[in-house]
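These notes are about the structure you will find just below.
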Amino acid sequence: MSNRPYADRIQSLLSVGYPDQDLRSAILNAVTDLRHLADAHKTSLKAWTYTHRWMTLKRKAFDGISVLASCETMLDVFNAHLLGYAPALVVPKFESLKAYDLPNSFTGIPCPAQTKAQVTCQDCKLCLKSDWLHSTRRVILFEAHGARGRKLAEKLVQIEVKGGN
Ligand code: SF4
């Protein structure tokens, strides 16, 4: 069994220009369906995604899925965290390939798929743990440029194809 159709559904909901209220209802419906599917199969299903609309969409709209706020600045990170989101931040270059301190007691974790050969989201699954990331002030970092940036582009495509499995 796969939750791929539900991950696709949530991904496509996020990419369509719905008004926030309609999008919130559509996401909640998708999550409810996902839960029913999991209950029917007596199993747990997990999905994760990212949103640029964290400023207007309440985190609760994604109850049941791990969702990270796509951030472009540390101010975004701070505000997204205040709104209950675990942030993901694109940086020009990693300061270290290991976790490192960021302002305001945040800790940046360079995406392992960018820093380690052979690691995939299926191995890592950090982005499935948005509650933990949020409560521990962890920020997933993506490097935008250079070879790792190119790998990011591949990775984001992979997330779209495989995310939520
Ligand atoms: S490898 Fe995938 S799950 Fe892990 S931090 Fe990077 S994007 Fe998130």
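Count the sequence shown with my numbering and you get residues 846 to 1010, in order.
Glycine included, every Cβ here is placed at the ideal spot set by N, Cα and C.
Remember, it's a predicted structure, so these values are computed and weren't measured experimentally.
Boundaries (first-last residue) of the beta strand (DSSP E) holding residue i
i: Ser-915; result: 911-916
Residue i - DSSP class collapsed to helix/strand/coil
i: Asp-921; result: helix
i: Trp-893; result: strand
i: Asp-908; result: coil
i: Trp-977; result: helix
i: Gln-963; result: coil
i: Leu-927; result: helix
i: Ala-875; result: helix
i: Leu-971; result: helix
i: Gly-1009; result: For Gly-1009, the pLDDT reaches just 37, beneath the cut-off of 50, and the residue's location in the model is therefore unreliable, although a value from the coordinates is still provided. If DSSP states are grouped into helix, strand and coil, Gly-1009 belongs with coil.
Range of the contiguous alpha helix (DSSP H) that encloses residue i
i: Pro-957; result: 957-960
Sheet register partners of residue i (DSSP bridge)
i: Gly-953; result: Tyr-945 and Val-984
i: Pro-932; result: Ala-914
Chain B within 8 Å of residue i, Cβ atoms only
i: Val-922; result: This model lacks chain B altogether, as it is built from one protein chain only.
Proximity test, residue i beta-carbon vs ligand 2 heavy atom, cut-off 7 Å
i: Cys-916; result: The model depicted lacks ligand 2 and carries ligand 1 instead.
ask   = So, do the stretch 938-946 and the stretch 954-963 have three or more beta carbon pairs nearer to each other than 8 Å?
value = yes
Margin query: Using 8 Å as the cut-off, can you tell me whether the stretch 914-928 makes contact with the stretch 894-904, which would need three or more C-beta pairs spanning the two stretches below that distance?
Written below: yes
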